[in-house]
Ligand SMILES: [Zn+2]
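Residue numbers (this note's numbering): 463 to 876.
Here's what the structure looks like:
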């Protein structure tokens, strides 16, 4: 069983929209009041309130505030839990020696929504066939029309009502058993700078995924124009400014959707073709560390194409399809510094985009790295030579044996 999130757009009527906004502001007030209580308890008594004690206090608030009494109790607890998690994250980071920001009071515009713990308690999903469109019954709001579709149908577990850019959404966590077919190729994937991803297979093929360029020059100019339209209207109350802000948000949303579609489609296609995927643990933070002009250019394309989101999607789809997933330990294997043919290591600068080795190997830097990772996943060595030496009868015998030992091998080599 797997848990998946399905997001539906909600289409409340005018009265329902008003009620949703009221609920949002009640949850926001509970959140902020609970935060205030925590601060007060700490300053006045030096004690810290925990989730359980705040839930008790909540029962009392509800007894005294009629508007709160009408709100689903579990959903209010979820709001308290969110504050609790914010504090837990804060203390964890303090303990780790970091200097995180203290949990903050949230203005209504920044308050994203609220959640429900159990299906049937405060919310009931009435989706159409194949979990497509339909309605959701929300306690205190009524039957709200919704549009959207689950990729994999399953049992609704928890839900969140989200308020984003003046629109309402319902994000449902669904328990399902997805069946996704895998293929039989073994591939190595390197995260691209010039190309989005370099995909090499065990038959010598190289089938790169080009950069999608969600933010090409024309798109950047569009965003800039919309941004300028906003900043030229300093009066925050003016209708024109509101319109300009809306147009800018809509453009951002369009780009985000296109990016999401691209990432889903590309990862699904790759998984459908493969039986094994070897890649390295991506460290976007390291990749985007401040550097020279060249690196700044790289940073932009890395951030544009969101490889970490892609890796997450690819991994979860690979799990669904049950294919072999191998994350190569980068520091040990050094894919970009090692020759895929002879295994010799030589340090390259980031600007060196071609791999040339004294053994005669010559290909792009990214292709070489992808091949090193694939070799490593299949044979446990960067060049794939050890397997040839023991006379296995073919470089890809490990894969042909349909063994599940490959990921285990990866673990052993840590
Ligand atoms: Zn070589």
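Just so you know, even glycine gets a beta-carbon here, dropped at the ideal spot from N, CA and C.
Exposed is the label assigned to residue 561, since fewer than 16 other Cβ atoms lie within 10 Å of its Cβ. Residue pairing from DSSP leaves residue 838 without any beta-bridge partner.
Residue list for ligand 1: 801, 803, 804, 806, 819, 821 and 823 (CB closer than 6 Å to any heavy atom, chain order). Inter-segment contact for the region 617-634 and the region 717-726 is absent: fewer than three beta-carbon pairs are separated by less than 8 Å. For the 8 Å CB-CB criterion, residue 517 and residue 490 do not form a contact. The Cβ atoms of residue 644 and residue 733 lie closer than 8 Å to each other. Taking C-beta separations shorter than 7 Å and ignoring five residues to either side along the sequence, the partners of residue 829 in its chain run 660, 662 and 668, following chain order. Judged by DSSP in its simplified three-state form, residue 814 adopts coil rather than helix or strand. Contact check for residue 845 and residue 827: beta-carbon distance about 16 Å, past the 8 Å limit, so the pair fails to qualify.
Proximity of the region 464-471 to the region 605-621 meets the contact definition, three or more beta-carbon pairs being nearer than 8 Å. Residue 706 sits close to residue 691, with the two beta carbons spaced by under 8 Å. The count of Cβ pairs closer than 8 Å, one atom from the region 547-554 and one from the region 583-594, stays below three, leaving the stretches out of contact.
Our two residues, residue 700 and residue 623, have alpha carbons roughly 29 Å apart in a direct line. The beta carbons of residue 636 and residue 619 sit about 7 Å from each other, so the pair counts as a contact at 8 Å. Counting the other CB atoms within 10 Å of its CB gives residue 649 a total of 16 or more, which places it among the buried residues. Residue 609 holds the alpha-carbon nearest to the alpha-carbon of residue 592 among 609, 702, 785 and 708. Residue 821 is not a Cβ neighbour of residue 833, given a cutoff of 8 Å. Straight across, the Cα-Cα distance linking residue 594 with residue 472 is about 13 Å. Annotation for residue 611: the continuous beta strand (DSSP E) segment containing it runs 604-611. For the set 671, 731, 642 and 708, the Cα lying nearest the Cα of residue 688 is the one of 708. Taken atom to atom, the span from the alpha-carbon of residue 497 to that of residue 728 is near 43 Å.
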